[in-house]
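As you go down the protein sequences, you meet chains A and B in turn.
Position 44 of the first sequence, counted from 1, bears residue number 43 in numbering that gives the first Met the number 0, the numbering being contiguous throughout.
Position 48 of the second sequence, counted from 1, bears residue number 47 in numbering that gives the first Met the number 0, the numbering being contiguous throughout.
Protein chains: 2
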Amino acid sequence: MAELTPVTQKFILHWGEMGTRWGINRTVAQIHALLYLAARPLHAEEIAGALAVARSNVSTSLRELQGWGVIRVVHVLGDRRDHFESMKEVWEMFRIVLDERKRREIDPTVAVLRDCVAEAERAGAGEKLPRERLSQMLEFFETMGGWYEQMRRLPTPVVIKFVKMGAKMRKLLGIGG
Amino acid sequence: MAELTPVTQKFILHWGEMGTRWGINRTVAQIHALLYLAARPLHAEEIAGALAVARSNVSTSLRELQGWGVIRVVHVLGDRRDHFESMKEVWEMFRIVLDERKRREIDPTVAVLRDCVAEAERAGAGEKLPRERLSQMLEFFETMGGWYEQMRRLPTPVVIKFVKMGAKMRKLLGIGG
DNA sequence: AGGATATTTCTGTGATCACAGAACTTGCCA
DNA sequence: TGGCAAGTTCTGTGATCACAGAAATATCCT
């Protein structure tokens with residue numbers, strides 16, 4: 000890996016910063032950014048060199064990125080080191096991240112909410128108010144989850160078209176902004 | 000504030016946990032959960048007691064929640080203490096949180112991406128590949144941002160109807176799942 | 001003005017997280 | 001089967017974050 004250009008550096012630093020804001024380890028996000036911009040798959044040593052972090056750190060971060068499903072191992076002929084490349088399709092990439100966050104965080108939240116509502120029902124009148132509030136929140140998550148499940152099944156180009164249609168839909172529904 | 004019921008406790012603990020996963024301080028998220036379920040506005044002392052945290056901690060957390068715009072101060076006649084209540088409209092509440100995150104994180108990201116693309120253009124052929132990749136990401140954020148801007152202007156009931164229509168839209172567009 | 005209560009800001013400590021370097025494991029090749 | 005390179009896991013340290021308690025400030029009431 001050659002020295003990083005200023006543009007690449009700027010993006011990597013910002014992406015790392017954004018990561019931390021969304022609960023992603025900074026190094027993990029930086030490696031992701033690096034691989035996203037890299038012209039070819041990189042091996043651990045190159046990544047460690049480019050970002051000036053320890054190889055052990057790179058190793059665990061790569062594993063985590065694989066867990067998210069946004070990078071993958073590739074092999075180069077005549078080189079037994081693992082090389083890594085990021086997905087390049089941005090829409091697809093974010094879909095995967097959303098899927099994963101839904102699975103890890105939203106689905107468990109829905110489960111907890113269902114539990115809470117059920118328990119509140121058993122508890123009777125004393126829990127009426129919390130039960131209603133929790134039901135409202137549960138309904139929100141379920142509705143959004145259902146919508147997302149539909150969207151995520153559409154082929155990416157359709158979703159893109161869909162999103163770009165956004166402005167028109169407003170008129171379509173006859174609602175003034 | 001009376002002792003928390005098991006249901007309330009469960010939700011508060013989970014909400015706190017979710018907070019940390021999304022870059023929100025645990026206590027902040029817990030207070031939010033508590034106020035969301037509370038039958039009436041609570042003052043700092045009650046909150047501190049219910050969650051068993053220091054009042055100073057409550058003070059700063061309440062300030063942060065006000066910064067997000069999801070709680071507000073109310074006053075009770077004959078009591079000079081500040082009381083706090085959470086928004087109760089779930090859809091509205093999440094819209095506010097999304098607005099805020101967009102403002103704090105997405106908009107700056109778009110700005111950085113624009114910078115990077117511009118700089119890459121100036122740099123010429125050497126930066127062709129990163130420029131293309133960054134442009135793709137920029138376009139993604141801009142498209143999604145534009146879509147969101149439209150959606151957020153719609154009255155909440157319309158958005159709800161919209162989201163619930165999700166499944167039908169698929170057929171409407173003539174796409175099989 | 002003085003005292004009581006409410007609230008915020010400051011400060012030190014404890015907990016958690018991030019990470020480098022070392023130790024260890026795996027797999028290939030001679 | 002010994003040796004080397006790649007990769008992973010372990011361990012200790014430093015940095016960051018969260019938070020309690022203290023100190024300071026503000027507000028109201030008499």
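Don't be surprised by glycine CBs; every beta carbon is placed ideally from N, CA and C.
Residues of chain A with CB closer than 7 Å to the CB of B/K163, please, in chain order. What you label residue 163 of chain B is simply residue 164 of the second sequence in a count that begins at 1. Those are T142, listed as they occur along chain A.
Strictly below 7 Å CB to CB, what residues from chain B border A/H82? As a position in the first sequence, residue 82 of chain A is number 83, starting the count at 1. The premise fails here: A/H82 is roughly 17 Å from chain B at the closest Cβ pair, so nothing lies under 7 Å.
Would you tell me roughly how many angstroms separate the C-alpha atoms of B/W14 and A/A124, rounded to the nearest one? Within the second sequence, residue 14 of chain B is the residue found at index 15, counting from 1. Within the first sequence, residue 124 of chain A is the residue found at index 125, counting from 1. B/W14 and A/A124: Cα-Cα distance of roughly 24 Å.
What residue from B/R62, B/R152 and B/V69 has the CA that sits closest to B/A32's CA? Indexing the second sequence from 1 puts residue 32 of chain B at position 33. Selected option, being the one with the closest Cα: B/V69.
Give me whichever residues DSSP pairs with A/D81 in a beta bridge. If you number the first sequence from 1, residue 81 of chain A lands on position 82. A/H74.
Cβ atoms of B/P129 and B/F83: under 7 Å apart, would you say? The residue you call residue 83 of chain B lines up with position 84 of the second sequence. The residue you call residue 129 of chain B lines up with position 130 of the second sequence. Taking 7 Å as the Cβ cut-off, B/F83 and B/P129 do not qualify as a contacting pair.
Among the residues of its own chain, which have a CB less than 8 Å from the CB of A/T108, if the five just before and after it don't count? Residue mapping note: residue 108 of chain A aligns to position 109 of the first sequence, counting from 1. Answer for A/T108: F140, listed in chain order.
Check B/L34 in the structure and name its three-state DSSP category. Here residue 34 of chain B is taken as the residue at index 35 of the second sequence, counted from 1. Three-state result, B/L34: helix.
What number of angstroms, rounded off, separates the C-alpha of A/R62 from the C-alpha of B/R152? For the purposes of this step, residue 62 of chain A is identified with residue 63 of the first sequence, where counting begins at 1. For the purposes of this step, residue 152 of chain B is identified with residue 153 of the second sequence, where counting begins at 1. Between A/R62 and B/R152, the C-alpha separation is close to 41 Å.
Alpha-carbon to alpha-carbon, B/P5 and B/I11: Here residue 11 of chain B refers to the residue found at position 12 of the second sequence. Here residue 5 of chain B refers to the residue found at position 6 of the second sequence. Taking the straight line joining both Cα atoms gives about 10 Å.
Examine chain A for any beta-carbon lying closer than 7 Å to the beta-carbon of B/R20, and answer yes or no. Against the second sequence, residue 20 of chain B aligns to sequence position 21. Yes, because at least one Cβ of chain A sits closer than 7 Å to the Cβ of B/R20.
Min CB distance A/Q149 to chain B below 7 Å: Within the first sequence, residue 149 of chain A is the residue found at index 150, counting from 1. Closer than 7 Å to some Cβ of chain B, the Cβ of A/Q149 qualifies, so yes.
Would you say the region 89 to 103 of chain A touches the region 53 to 60 of chain A, given that touching needs at least three Cβ pairs under 8 Å? no
If you follow the alpha helix (DSSP H) that A/L64 is in, where does it begin and where does it stop? Here residue 64 of chain A refers to the residue found at position 65 when the first sequence is read from its first residue. Per DSSP, A/L64 belongs to the alpha helix (DSSP H) from R54 to W67.
Select from B/K127, B/A38, B/I30 and B/K87 the residue whose C-alpha is nearest the C-alpha of B/L50. Numbered from its first residue, the second sequence carries residue 50 of chain B at position 51. With distances taken between Cα atoms, B/L50 lies closest to B/I30.
Tell me which residues of the region 127 to 138 of chain A have at least one Cβ-Cβ distance to chain B shorter than 7 Å, keeping chain order. L128, P129, R132, L133, Q135 and M136
By the criterion of Cβ-Cβ separation under 8 Å, what are the contact partners of B/T59 in chain A? Numbered from its first residue, the second sequence carries residue 59 of chain B at position 60. Near B/T59 there are no residues of chain A at all, since even the closest Cβ is about 19 Å away, more than 8 Å.
For the alpha helix (DSSP H) containing A/L128, list its first residue and its last residue. To locate residue 128 of chain A, count along the first sequence from 1; it is residue 129. Segment K127 to R152, the alpha helix (DSSP H) holding A/L128.
When you compare the CB positions of B/A119 and B/E126, do they come within less than 7 Å of one another, or not? Locating residue 119 of chain B in the second sequence gives position 120, where the first residue counts as 1. Locating residue 126 of chain B in the second sequence gives position 127, where the first residue counts as 1. Yes; because the gap between Cβ atoms is below 7 Å, this pair is in contact.
Would you mind working out which of B/K87, B/I105 and B/Q8 sits nearest B/R71, comparing C-alpha positions? Within the second sequence, residue 71 of chain B is the residue found at index 72, counting from 1. Here the closest residue by C-alpha is B/K87.
So that I know if they touch, is there some Cβ in chain A lying closer than 7 Å to that of B/A38? Your numbering for residue 38 of chain B matches position 39 in the second sequence. It does: the Cβ of B/A38 has a partner Cβ on chain A nearer than 7 Å.
Give the residues of chain B in contact with A/T26, contact being defined as C-beta atoms less than 9 Å apart. As a first step, residue 26 of chain A is located in the first sequence; it is residue number 27 there, counting from the start. Chain B residues near A/T26: none, gap ~16 Å exceeds 9 Å.
Name the chain B residues that come within less than 8 Å of A/W90, Cβ to Cβ? Here residue 90 of chain A corresponds to residue number 91 of the first sequence, with the count starting at 1. Those are F139, listed as they occur along chain B.
Which of the three DSSP states is assigned to B/L50 in this structure? If you number the second sequence from 1, residue 50 of chain B lands on position 51. DSSP places B/L50 in helix when its eight states are reduced to three.
Measure the C-alpha to C-alpha separation of B/R113 and A/V157 and round it to an integer number of angstroms. Counting from one through the second sequence, the residue named residue 113 of chain B turns up at place 114. Counting from one through the first sequence, the residue named residue 157 of chain A turns up at place 158. Using only the alpha carbons, I get a separation of about 26 Å.
Is A/L3 helix, strand or coil by DSSP? Within the first sequence, the letter at position 4 stands for residue 3 of chain A. Correct three-state label for A/L3: coil.
7 Å Cβ shell around B/M136 - same chain, five flanking residues per side excluded: Counting from one through the second sequence, the residue named residue 136 of chain B turns up at place 137. The beta carbon of B/M136 sits closer than 7 Å to those of L112, all from its chain and outside the five residues before and after it, given in chain order.
Compare the Cα-Cα distances from A/W21 to each of B/R80, B/W67 and B/E104 and report the closest residue. Numbered from its first residue, the first sequence carries residue 21 of chain A at position 22. Selected option, being the one with the closest Cα: B/E104.
Could you tell me whether any Cβ in chain B is nearer than 7 Å to the Cβ of A/I11? Here residue 11 of chain A refers to the residue found at position 12 of the first sequence. Chain B, which has no Cβ nearer than 7 Å to the Cβ of A/I11, makes this no.
How big is the Cα-Cα spacing for B/V73 and B/G48? For the purposes of this step, residue 73 of chain B is taken as residue 74 along the second sequence, with counting starting at 1. For the purposes of this step, residue 48 of chain B is taken as residue 49 along the second sequence, with counting starting at 1. Taking the straight line joining both Cα atoms gives about 19 Å.
Quick one: residues in its chain with C-beta nearer than 8 Å to the C-beta of A/E44, no 5 flanking neighbours on either side, listed in chain order? Against the first sequence, residue 44 of chain A aligns to sequence position 45. The residues are R54 and R80.
Could you tell me how far apart the beta carbons of A/W146 and B/G165 are, in whole angstroms, since I believe they sit closer than 8 Å? Against the first sequence, residue 146 of chain A aligns to sequence position 147. Against the second sequence, residue 165 of chain B aligns to sequence position 166. Yes, A/W146 and B/G165 are in contact; Cβ-Cβ is about 4 Å, under 8 Å.
Here's a check: name, in chain order, each residue in its chain whose Cβ is nearer than 8 Å to the Cβ of B/R25, leaving out the five neighbours to either side. For the purposes of this step, residue 25 of chain B is taken as residue 26 along the second sequence, with counting starting at 1. The residues are G15, E16, G18 and T19.
Taking 7 Å as the threshold (C-beta atoms), are A/L36 and B/R132 in contact? Walking along the second sequence from the start, residue 132 of chain B turns up at place 133. Walking along the first sequence from the start, residue 36 of chain A turns up at place 37. Cβ distance < 7 Å, so B/R132 and A/L36 count as in contact.
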